[in-house]
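Engineer: To convert, count from 1 in the sequence shown and add 340; that's my numbering.
Provided herewith is a single structure, encoded as structure tokens, for subsequent inquiry.
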Amino acid sequence: MFTPPPSPQPARTSGPTVTPESLSQERQERFASAQASKRYIGRRFRMAVILIPVLVIFLTARLSYVASRVVEKTAEPVVPLSWHGREENSNWRHHKRHPEPQTQVSSPAASSPTSTSTSSAATPSPTATPPSAQPLPTIPSSPPAALPTPFLQPFDGGIAQNFSSLSCSNFFANMTNSAPFRQCRPFSLLLQGSNAFVDAQSNLTLMNAIIYGTCNTTPGISQCESNMAWFAGALKSACSSELGNNNALAASTLTALQAFSVMYDAACQADPTTNSYCYIEAIHNTNPSDLYYYALPLDITVPNSTVPTCSQCSKSVMGVYAASLKDANQKPLLTGLSQTYDPAAQLTVQYCGADFAQTSVVSAALVSFGRPPWIVAVAVGVISSLLMGLSS
Numbered sequence: 341m342f343t344p345p346p347s348p349q350p351a352r353t354s355g356p357t358v359t360p361e362s363l364s365q366e367r368q369e370r371f372a373s374a375q376a377s378k379r380y381i382g383r384r385f386r387m388a389v390i391l392i393p394v395l396v397i398f399l400t401a402r403l404s405y406v407a408s409r410v411v412e413k414t415a416e417p418v419v420p421l422s423w424h425g426r427e428e429n430s431n432w433r434h435h436k437r438h439p440e441p442q443t444q445v446s447s448p449a450a451s452s453p454t455s456t457s458t459s460s461a462a463t464p465s466p467t468a469t470p471p472s473a474q475p476l477p478t479i480p481s482s483p484p485a486a487l488p489t490p491f492l493q494p495f496d497g498g499i500a501q502n503f504s505s506l507s508c509s510n511f512f513a514n515m516t517n518s519a520p521f522r523q524c525r526p527f528s529l530l531l532q533g534s535n536a537f538v539d540a541q542s543n544l545t546l547m548n549a550i551i552y553g554t555c556n557t558t559p560g561i562s563q564c565e566s567n568m569a570w571f572a573g574a575l576k577s578a579c580s581s582e583l584g585n586n587n588a589l590a591a592s593t594l595t596a597l598q599a600f601s602v603m604y605d606a607a608c609q610a611d612p613t614t615n616s617y618c619y620i621e622a623i624h625n626t627n628p629s630d631l632y633y634y635a636l637p638l639d640i641t642v643p644n645s646t647v648p649t650c651s652q653c654s655k656s657v658m659g660v661y662a663a664s665l666k667d668a669n670q671k672p673l674l675t676g677l678s679q680t681y682d683p684a685a686q687l688t689v690q691y692c693g694a695d696f697a698q699t700s701v702v703s704a705a706l707v708s709f710g711r712p713p714w715i716v717a718v719a720v721g722v723i724s725s726l727l728m729g730l731s732s
């Protein structure tokens with residue numbers, strides 16, 4: 341019987357011989373690879389520990405800045421393109437002051453766009469007797485006989501033509517010769533740029549009538565606040581290049597326009613013990629240091645060498661400023677006061693006591709405003725993303 345030959349076997353392949361030495365070398369290589377990976381992760385973790393706080397701080401600062409710019413823009417009232425102000429029933433806060441005077445206010449004549457100065461106000465009558473030696477006048481119950489007609493106006497010394505744009509030059513000519521501006525008698529701009537206002541401080545009777553005139557206007561305070569807000573918005577548009585180039589006149593005028601309301605409140609403060617305006621008392625005082633407080637919203641600091649009188653009037657004025665800086669609607673507009681209030685409050689507290697003025701009002705407002713709740717979520721999201729990257 342035929343027997344088939346055996347099937348051919350596959351060729352045997354020779355493989356590596358597994359020895360204890362090779363196993364040991366393989367384990368060492370795996371261990372070294374694991375150690376290198378751990379070191380790599382450790383380096384990334386240490387870098388994250390350093391970078392995450394820096395990134396959070398940067399995001400906080402950046403988002404706070406963006407938010408502040410948004411608030412500043414939204415805080416600007418939208419007004420019609422007219423020199424007649426807004427309607428009287430605008431939603432502005434009301435002030436309770438003295439009855440409005442019935443004196444006739446002369447309407448300024450329309451000026452050409454190239455006008456460089458306003459009509460001059462009545463020249464105050466100076467007196468040789470120093471203010472501290474003059475009788476302290478009380479607040480008039482009706483329009484006083486000394487009330488200047490026409491009333492004092494800002495820029496009575498003329499407006500220097502140092503503008504880089506025709507629109508800005510036209511704005512100042514139109515504003516200073518318009519009834520909605522002149523009739524409001526802005527204390528902020530009188531204090532900043534009226535020669536007649538400075539000269540009148542030598543005569544307390546005349547100065548008392550002027551302060552009465554700034555506190556009692558026709559139109560009323562609500563309309564004047566609206567008018568000044570409109571002029572501030574128009575200045576930003578017409579003088580944008582000047583503001584960008586830090587033109588002193590444009591920048592200081594914008595500061596004064598935006599400080600109209602708070603400086604109105606400060607100027608019209610009364611001392612109940614004397615029934616006199618606090619501003620008149622500051623002029624009458626032999627120590628004139630209290631006058632520095634009224635210029636704080638104009639970005640004018642109180643000198644460090646000043647010794648305050650610690651009067652109740654100064655305390656009231658600082659209280660007005662603190663309340664305004666805590667007001668979310670007013671604070672973005674008070675750029676000058678935001679720079680000068682805290683140093684003045686610290687100096688005042690140093691001499692007058694801790695309860696005389698609120699300190700760190702500006703810095704506290706910045707912290708409160710600069711950390712909106714949603715920034716925490718942003719920071720957590722960034723950190724989570726970084727940690728996920730480390731684990732990958």
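We treat Cβ as the ideally placed atom computed from N, Cα and C, and that holds for glycine.
Please read all numbers here as calculations on a predicted model, not as lab measurements.
(1) For residue 682, does the three-state DSSP call read helix, strand or coil?
(2) Under the assumption that residue 567 contacts residue 520 (Cβ atoms under 8 Å), give the Cβ distance between them as a whole number of angstroms.
(3) Note down the Cα distance separating residue 647 from residue 490, rounded to an integer number of angstroms.
(4) Whole angstroms is fine: what's the gap from residue 699's alpha carbon to residue 641's?
(5) Residue 592 lies in the alpha helix (DSSP H); which residues open and close that run?
(6) Reducing DSSP to helix, strand and coil, say where residue 513 ends up.
(7) Kindly identify the DSSP beta-bridge partner or partners of residue 611.
(8) With distances taken between CB atoms, is the gap from residue 538 to residue 606 smaller than 7 Å?
(9) Report yes if the C-beta distance between residue 467 and residue 543 is below 7 Å; otherwise report no.
(10) What number of angstroms, rounded off, separates the C-alpha of residue 498 from the C-alpha of residue 616?
(11) Are the CB atoms of residue 527 and residue 604 nearer to each other than 7 Å?
(12) Could you check which residue in 669, 665, 687, 503 has the C-alpha nearest to that of residue 677?
(13) How big is the Cα-Cα spacing for residue 629 and residue 571?
(14) Buried or exposed: which applies to residue 686, given that a residue is buried once 16 or more other Cβ atoms fall within 10 Å of its Cβ?
(15) How many Å lie between residue 595 and residue 476 at the Cα?
(16) Residue 560 and residue 525: beta carbons closer than 7 Å?
(17) Kindly give me the distance between the Cβ atoms of residue 492 and residue 530, rounded to whole angstroms, as I take these residues to be in contact under 8 Å.
(18) Expressed to the nearest angstrom, what Euclidean distance is found between the alpha-carbon atoms of residue 673 and residue 574?
(19) Should residue 551 be labelled buried (16 or more other beta-carbon atoms within 10 Å of its own) or exposed?
(20) Once DSSP output is grouped into helix, strand and coil, what is the label at residue 635?
(21) Pick out whichever of 562, 623, 563, 702 has its Cα sitting closest to the Cα of residue 654.
(22) Closest to residue 577 by C-alpha separation, out of 511, 563, 473, would be which residue?
(23) Spatial neighbours of residue 523 within its chain, please: CB distance less than 7 Å, with the 5 preceding and 5 following residues excluded, ordered by chain position.
(24) Report the option in 643, 631, 580 whose CA atom is closest to the CA atom of residue 507.
(25) Less than 7 Å between the beta carbons of residue 479 and residue 610, yes or no?
Structural biologist: Considering the structure as presented:
(1) Here residue 682 carries a helix assignment [DSSP, helix/strand/coil].
(2) 4 Å between Cβ atoms; contact.
(3) Cα-Cα distance, rounded: 37 Å.
(4) Per the coordinates, the alpha-carbon of residue 699 lies some 15 Å from the alpha-carbon of residue 641.
(5) Counted as a single uninterrupted DSSP element, the alpha helix (DSSP H) harbouring residue 592 occupies residues 588 to 598.
(6) Looking at residue 513 - three-state DSSP - the assignment turns out to be helix.
(7) Beta-bridge pairing links residue 611 to 616.
(8) Not a contact, by the Cβ cut-off of 7 Å.
(9) Contact flag set, yes.
(10) Looking at the two C-alpha atoms, the distance is approximately 32 Å.
(11) Contact: yes.
(12) Per the C-alpha coordinates, the member of 669, 665, 687, 503 positioned closest to residue 677 is 665.
(13) In this structure, the alpha-carbon of residue 629 lies about 32 Å from that of residue 571.
(14) Looking at its Cβ environment, which holds fewer than 16 other Cβ atoms inside 10 Å, residue 686 is exposed.
(15) Approximately 31 Å between the Cα atoms of the pair.
(16) No; because the gap between Cβ atoms is not below 7 Å, this pair is not in contact.
(17) Going by Cβ atoms, the distance from residue 492 to residue 530 rounds to 6 Å, so yes, they are a contact pair.
(18) Roughly 14 Å separates the two Cα atoms.
(19) Around the beta carbon of residue 551, a 10 Å sphere encloses 16 or more other beta carbons of the protein chains shown; the residue is thus reported as buried.
(20) For residue 635, the three-state secondary structure derived from DSSP is coil.
(21) Of the listed residues, the one whose Cα sits closest to residue 654 is 623.
(22) For residue 577, the closest of 511, 563, 473 by C-alpha to C-alpha distance is 511.
(23) The beta carbon of residue 523 lies closer than 7 Å to those of 445, 557, 558, 559 in the same chain, with the five residues before and after it left out.
(24) Closest option to residue 507, Cα to Cα, is 580.
(25) Against a cut-off of 7 Å, the Cβ pair of residue 610 and residue 479 comes out as a contact.
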